[in-house]
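First the structure, in the form of structure tokens, and then the observations on it.
Number of protein chains: 2
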Amino acid sequence: MSDGVLFDKVAFIGIGLIGSSLARALRQEGLAGRLATYDHSAEARAKALELGVVDEAPADLGEAVRDADLVMVCVPIGACADLGPALAPHLKPGAIVSDVGSVKQAVIRDLGPVIPDGVFFVPGHPIAGTEHSGPEAGFAELFQGRWCIITPPTGTNEEAVEKVAEMWRRVGSMVEIMDPHHHDKVLAITSHLPHLIAYTIVGTATGLEESLQQEVIKFSASGFRDFTRIAASDPVMWRDIFLNNREAVLEMLQRFSEDLTALQRAIRWGEGDTLQDLFTRTRAVRRGIVDARQA
Amino acid sequence: MSDGVLFDKVAFIGIGLIGSSLARALRQEGLAGRLATYDHSAEARAKALELGVVDEAPADLGEAVRDADLVMVCVPIGACADLGPALAPHLKPGAIVSDVGSVKQAVIRDLGPVIPDGVFFVPGHPIAGTEHSGPEAGFAELFQGRWCIITPPTGTNEEAVEKVAEMWRRVGSMVEIMDPHHHDKVLAITSHLPHLIAYTIVGTATGLEESLQQEVIKFSASGFRDFTRIAASDPVMWRDIFLNNREAVLEMLQRFSEDLTALQRAIRWGEGDTLQDLFTRTRAVRRGIVDARQA
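Protein chains in written order, with our numbering: chain A, 1 to 295; chain V, 296 to 590.
Rendered as structure tokens:
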């Protein structure tokens, strides 16, 4: 495929940070003829229209989806189970349904069975985001230089997969095809566990005596603030991620807890070498990320 | 005090990220007549000279310190116990000794007793830094808009405290006077525990199967990379912090572990409300930090 329009009409179900960023990028790159959105929030619909992110934002899901060549599901994962049956009757033959959810097995479980014959389901996950939410938080450059993982279930139409991959490449991403189960395991350690831990430590700080709490904010530049950025991400989206990637998250959390207990023991017994060895190893990981240009 | 030179000669013991940043800032603001350094690393001494960070960098501690009006100790905390006796004989009457260590009770314990009569010891801790180390990593603006906590033991000469405070203000910092014990508790939650957790999770990732490890780096933009930045900080410096603020770190770690276990349980039993409530609270903390201009 070369330049030009990829889809005559793209419909976004949910127009938050990710949906609105992709809509902006599609428009900027001239990849879509027409952009529509349905969001259960009237405020988000109005905002998306006002910002010119989409051309239409009807209050009716079916109307938004009608005649769409690509339907991008950009809602919290937990909303997919109810969304599927509401969405299915409005999908036109030959359409592609894709999504951006952070857990792939759950989305495939909830959306897969209701997608009609002749409609292609290509689950995906762009590895990009910020701590901000809502249509006003989006920007067209969000996906540039970032990975997008596509996790087609066995037997998915290859042309449909390639078309979704091409879209992500044209908004600046690198594309990786991955097994859904493996995706959920990789994301459990790279994304879900880090967020869980950030939420926890910020929560621990809010449980301190009142006087200490003020100082935690004042002196947060010493490390804490990096966690607060992560722990400011959308609460509902993250609730749904943890509820829907339970097994993988609990497994990674168990490994983490064992490692933390070992470090706790090293501190208690003054085992400096154990600490220094680990801290030297972790420094090398950072170098790997900088080298991979994902810093 | 108004504009002009605050100290005729300042000697830095240790010229890494913090020492070299302060040296640059003192020079830029015209706060010191002459800058000297002693570092146990000949390479660091040569680099600091080459970069023009200091005027002299003798291989002898005594020579670097001779006639200094301010001696800034900028070494890992664990080096203070040996440094004290080596430093003491060379301090001139009326000089001020200060430091930048992240644990104040340990520094006071190790340096306090050897400071001669007529020399003033003013422990301090600038809440600023990056994940980079060494004299080449420093920059004059590091302290601008950041807090510096000064923790003078009871009875410290007030003029000396004010002079050190004035120096930090003139390089752009806001100054807070604090009890050393309280400082160590505040830093345990805002800095030491976040670093410990970041080191742990990056360590956990390095313990994964080889194939997963590569993907952790590749897809790190989803949260993990923020931890790797923190976990790239100087290994010796951080080893010493944990060994020297053991009680406070272990207490905060205990609280954190309890909170993490509660979240683990909520995930296992699918308690979405518990998760969402916490995630909503932590988001507010971020807002506090943004409002306090420490983001």
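Just so it is clear, CB atoms sit at the ideal spot from N, CA and C, and this is done for glycine as well. As the structure is a prediction and not an experimental result, all values here were calculated from the model.
Per DSSP, what kind of secondary structure is residue i in: helix, strand or coil?
i: V/Lys304; result: strand
i: A/Met178; result: coil
i: V/Trp533; result: helix
i: V/Ala564; result: The amino acid at residue 564 of chain V is misidentified as Ala; the sequence shows Trp. The answer is coil: DSSP assigns V/Trp564 none of H, G, I, E or B.
i: V/Leu548; result: helix
i: A/Ile189; result: helix
i: A/Ile217; result: helix
i: V/Leu437; result: coil
i: V/Leu321; result: helix
i: A/Gly207; result: coil
i: A/Val73; result: strand
i: V/Ala455; result: helix
i: V/Ile445; result: strand
i: V/Ala327; result: strand
i: V/Ile391; result: strand
i: A/Ser2; result: Annotation note: pLDDT 49 at A/Ser2 (below 50); position unreliable, coordinate value reported separately. In the structure shown, A/Ser2 sits in coil (DSSP, three-state: anything other than H, G, I, E or B).
i: A/Ser233; result: coil
i: A/Ala292; result: coil
i: V/Arg465; result: helix
i: A/Ile15; result: coil
i: V/Gly357; result: helix
i: V/Asp572; result: helix
i: A/Ala262; result: helix
i: V/Val497; result: helix
i: A/Leu91; result: coil
i: A/Asp184; result: helix
i: V/Leu507; result: helix
i: A/Gly78; result: helix
i: A/Pro194; result: helix
Looking at residue j and residue i, is the spacing between their C-beta atoms short of 8 Å?
i: A/Thr282; j: V/Gly498; result: yes
i: A/Pro152; j: A/Val161; result: yes
i: V/Arg534; j: A/Leu275; result: yes
i: A/Pro116; j: A/Ala86; result: no
i: A/Phe193; j: A/Phe242; result: Note that residue 193 of chain A corresponds to Leu in the displayed sequence, not to Phe. Cβ atoms of A/Leu193 and A/Phe242: not closer than 8 Å.
i: V/Gly407; j: V/His385; result: no
i: V/Gly419; j: V/Ile444; result: yes
i: A/Leu31; j: A/Leu49; result: no
i: V/Gln589; j: V/Asp479; result: no
i: V/Leu555; j: A/Thr200; result: yes
i: A/Val164; j: A/Val107; result: no
i: V/Arg524; j: V/Gly433; result: no
i: A/Arg27; j: A/Thr37; result: no
i: V/Val305; j: V/Asp364; result: yes
i: A/Arg286; j: V/Ala526; result: yes
i: V/Ala376; j: V/Ala354; result: no
i: V/Glu324; j: V/Arg465; result: yes
My assumption, with CB atoms under 8 Å, is that residue i sits in contact with residue j. Please give the rounded CB distance.
i: A/Ile289; j: V/Arg520; result: 5 Å
i: V/Leu491; j: A/Leu263; result: 6 Å
i: V/Ala367; j: V/Asp394; result: It is worth fixing the name first, because residue 367 of chain V is Met in this sequence and not Ala. Rounded, the Cβ-Cβ distance is 7 Å, consistent with contact.
i: A/Asp67; j: A/Gly33; result: Actually they do not touch by this definition, with Cβ atoms about 10 Å apart.
i: V/Ala483; j: V/Val544; result: 5 Å
i: A/Phe219; j: V/Thr485; result: 5 Å
i: V/Phe438; j: V/Ser316; result: 7 Å
i: A/Leu17; j: A/Ser133; result: 5 Å
i: V/Trp442; j: V/Ile422; result: 5 Å
i: V/Arg563; j: A/Arg246; result: 7 Å
i: V/Val348; j: V/Ile310; result: 7 Å
i: A/Val119; j: A/Pro93; result: 7 Å
i: A/Gln213; j: A/Ala205; result: 7 Å
i: V/Ala579; j: A/Ile217; result: Actually they are not in contact, since the Cβ atoms of V/Ala579 and A/Ile217 sit about 11 Å apart, beyond 8 Å.
i: V/Gly314; j: V/Cys369; result: 3 Å
i: A/Leu76; j: A/Met237; result: Strictly speaking, residue 76 of chain A in this sequence is Pro, with Leu absent from that position. 5 Å between Cβ atoms; contact.
Is the closest heavy atom of the ligand ATP to the C-beta of residue i under 7 Å?
i: V/Ser397; result: The model depicted lacks the ligand ATP and carries no ligand whatsoever.
| Ordered list of beta strand (DSSP E) runs contained in the region 98-137 of chain A, each at least 3 residues | With a minimum length of 3 residues, the continuous beta strand (DSSP E) runs that stay inside the region 98-137 of chain A are 120-122, 124-126.
| query | Counting only runs that start and end within the region 329-353 of chain V, where is the alpha helix (DSSP H) found for 4 or more residues in a row? | reply | With a minimum length of 4 residues, the continuous alpha helix (DSSP H) runs that stay inside the region 329-353 of chain V are 337-345.
| field | chain A contacts from the region 484-504 of chain V (Cβ-Cβ distance under 9 Å) | value | Residues of the region 484-504 of chain V that bring their beta carbon within less than 9 Å of a beta carbon in chain A comprise Ile484, Thr485, Ser486, His487, Leu488, Pro489, His490, Leu491, Ile492, Ala493, Tyr494, Thr495, Ile496, Val497, Gly498, Thr499, Ala500, Thr501, Gly502, Leu503, in sequence order.
| request: Report the residues of the region 456-474 of chain V with a CB closer than 7 Å to any CB of chain A, ordered along the chain. | output: Using a CB distance below 7 Å, no part of the region 456-474 of chain V faces chain A.
| message | Which residues of the region 515-527 of chain V have a Cβ closer than 8 Å to any Cβ of chain A? Give them in chain order. | response | Hits within the stretch, in order: Ser515, Ala516, Ser517, Gly518, Phe519, Arg520, Asp521, Phe522, Thr523, Arg524, Ile525, Ala526, Ala527.
| request: May I ask you to list, following chain order, the residues of the region 117-149 of chain A that have a beta carbon less than 8 Å from some beta carbon of chain V? | output: Cβ contacts with chain V come from Ile127, Ala128, Gly129, Glu131, Arg146, Trp147, Ile149.
| field | Contacting positions in the region 544-556 of chain V - beta carbon closer than 9 Å to chain A | value | Those residues of the region 544-556 of chain V that come within reach of chain A (Cβ to Cβ, closer than 9 Å) are Val544, Leu545, Met547, Leu548, Gln549, Arg550, Phe551, Ser552, Glu553, Asp554, Leu555, Thr556.
| Near-chain A residues of the region 305-332 of chain V (beta-carbon distance less than 9 Å), N- to C-terminal order | Flagged: no residues at all.
| Just by C-beta distance, which residues in the region 270-294 of chain A are closer than 7 Å to chain V? | For the region 270-294 of chain A, the residues whose beta carbon sits under 7 Å from a beta carbon of chain V are, in order, Gly270, Gly272, Leu275, Gln276, Leu278, Phe279, Thr280, Arg281, Thr282, Arg283, Val285, Arg286, Gly288, Ile289, Ala292, Gln294.
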